[in-house]
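Have a look at the structure below before the remarks.
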Amino acid sequence: MIIRYALFEGEIHAGREEEFRRFVKETLVPLWTQFPGAQEVRVMDGTERDEGAPSYAMALAIRYPDMDACNKALDSDVRVQSREVTRDLLTMFTGRVHHHLFEANEYRPSMNISK
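Residue 15 is where the sequence shown starts when you use the numbering used here, and the numbers rise one by one after that.
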């Protein structure tokens, strides 16, 4: 499976955190969940980080079954629309947004229970 991340590296403008998160949930998530081939859309809001680590206000992860599905989503009209709408979100944010593709493998944790 393929997971495409959009990493929002930077800071939400002070006092606009709630507005930023509401805009994502109410305006962008409905678009992102329409991406063709998307199997899961996950939005993660940054809360804490190690000392000295870069600040990530948010990370978006969209899972696809394969690269063909991911490419179809990237070429879709709904993605073009979401990019236009994201411009409004960026008025509440200082930093940069960068994208990364990962080939994902899943493993179940062991259930070792000590007495």
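Glycine included, every Cβ here is placed at the ideal spot set by N, Cα and C.
Who are the Cβ neighbours of residue i in its own chain at under 7 Å, not counting the five residues just before and after it?
i    : result
M81  : I16
D5   : One cannot answer for residue 5 here, as it falls past the ends of the chain, which runs 15 to 129.
Y70  : L21, F22, E23 and G60
H112 : L21 and E23
F49  : I76, A87, S90, V92 and R93
Q53  : R77, Y78 and P79
In chain order, what residues of the same chain lie with their CB nearer than 6 Å to the CB of residue i, ignoring the 5 residues before and after it?
i   : result
G51 : Y78, A83, K86 and A87
V55 : W46, T47 and I76
M58 : A73
How big is the Cα-Cα spacing for residue i and residue j?
i    : j   : result
E117 : M72 : 21 Å
E120 : G66 : 30 Å
F34  : E25 : 11 Å
R110 : E98 : 16 Å
E40  : R63 : 26 Å
Pop quiz: residue i and residue j are said to be a contact at Cβ under 8 Å. What is the actual Cβ separation, rounded to whole angstroms?
i    : j   : result
M106 : R30 : 4 Å
T108 : H27 : 7 Å
L103 : V38 : 7 Å
| said: My parser needs the beta strand (DSSP E) runs of 3 or more residues fully inside the stretch 91-125; what are they? | reply: Positions of the beta strand (DSSP E) runs, each at least 3 residues long and wholly inside the stretch 91-125, are given as 107-117 in order along the chain.
Taking only runs of the alpha helix (DSSP H) that begin and end inside the stretch 43-71, which ones reach a length of at least 4 residues, in chain order? Taken in chain order, the whole alpha helix (DSSP H) runs of length 4 or more contained in the stretch 43-71 are 43-46.
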